[in-house]
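Here the numbering used here is used: position 79 in the sequence shown is 79, and no number is missing along the way.
A virtual CB, placed ideally from N, CA and C, is assigned to each residue, including glycine.
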Amino acid sequence: MTTRINYFENDQDLVQVLGKKVLNVLNKSIEHKGHASLVVSGGSTPKGLFNYLSLQTFPWDKVSIILADDRCVSVHGENSNYHFLKTHLFKDYAAEAKFIPLYCDEDTHEQAAANATRRINHLKKYDLVILGMGTDGHTASLFPQASNLALALSDDSPDVVGIDPVTNDMKRVTQSLKRLLNTREIVFHLIGEEKNAILQKVMQDTNKKDYPSSHVIHQTEVPVEVYIAQHK
């Protein structure tokens with residue numbers, strides 16, 4: 001299955017196209033089954049997309065939004081992806097969307113992962129998953145050297161896995177590869193030359209040995225598109 005790469009001069013132009021795609025995918029699902037599900041990522045990259053979506057008149061009350069991953073920190077702190085979503089997505093019209101958190105101030109990341117697995121197990125196939133990609137080739141919190149990476153990439157993993165990235169002291173919870181691939185479509189949203197450089201390396205990693213993102217790019221179950229802007 002070929003990955004389609006869409007290049008844009010800047011993120012403003014990208015957001016106009018990707019934002020419309022997101023709404024179109026969600027709307028088709030709502031028309032078909034009465035509700036839709038969207039998986040999103042944190043970090044600075046989706047800020048413009050989230051602000052765009054929040055201003056669109058849409059039946060957001062019929063949309064469930066789930067994070068691909070989150071840090072095990074206070075949900076009120078700046079390092080929390082949940083906090084980022086509350087600031088940039090869950091406002092204006094999109095405030096009506098239903099949010100299903102991965103982390104709720106549990107004592108350990110293992111406990112958080114178990115609880116999150118229970119919270120999302122009623123959801124079947126997602127309608128759209130939007131991922132980022134780090135300069136080390138990670139996506140969601142599937143970091144190259146992370147503890148539990150093998151479990152998170154395995155076919156028999158739970159839906160949510162507790163992860164220690166090793167490279168920093170913030171433990172995380174992440175949806176597993178198996179769960180992220182249980183979707184109709186996947187989109188990578190990237191900005192900048194560094195992201196383009198790692199994307200090219202991931203595209204060449206067909207054996208899926210070097211970068212966790214390769215396990216998403218080089219699978220044959222789900223169509224994948226990349227939206228990448230040269231700069232903000």
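- Message: Along the chain, where does the alpha helix (DSSP H) containing Asp11 start, and where does it finish?
- Response: Asp11 to Lys33
- Task: Return the bridge partner residues of Thr139 from the DSSP annotation.
- Result: Note: Thr139 is bridge-paired with Leu142 in the DSSP secondary-structure output.
- Is it true that the region 93-102 meets the region 58-72, where meeting means three or more beta-carbon pairs spaced less than 8 Å apart? Per the Cβ contact rule, the region 93-102 is in contact with the region 58-72 (3 or more Cβ pairs under 8 Å).
- Task: May I have the straight-line CA-CA distance separating Cys72 from Arg172, to the nearest angstrom?
- Result: 5 Å
- Item | For Val187, the residue or residues it bridges with in DSSP | Ile130 and Glu225
- Going straight from the alpha carbon of Val39 to that of Tyr126, what length do you get? 8 Å
- Message: Measuring only the C-alpha atoms, how far is Ala197 from Lys28?
- Response: 34 Å
- Message: On the CB-based measure, 16 or more other CB atoms within 10 Å of its CB, does Gln175 come out buried or exposed?
- Response: The residue in question, Gln175, is buried, as its Cβ has 16 or more Cβ neighbours within 10 Å.
- Going by the CB atoms, is the gap between Ile120 and Asp69 shorter than 7 Å? no
- Message: From the DSSP secondary-structure annotation, give me the bridge partner or partners of Leu181.
- Response: For Leu181, which the question treats as bridged, DSSP gives no partner whatsoever.
- Message: Rounding to the nearest angstrom, what Cα-Cα distance links Glu106 and Val75 in this structure?
- Response: Roughly 11 Å separates the two Cα atoms.
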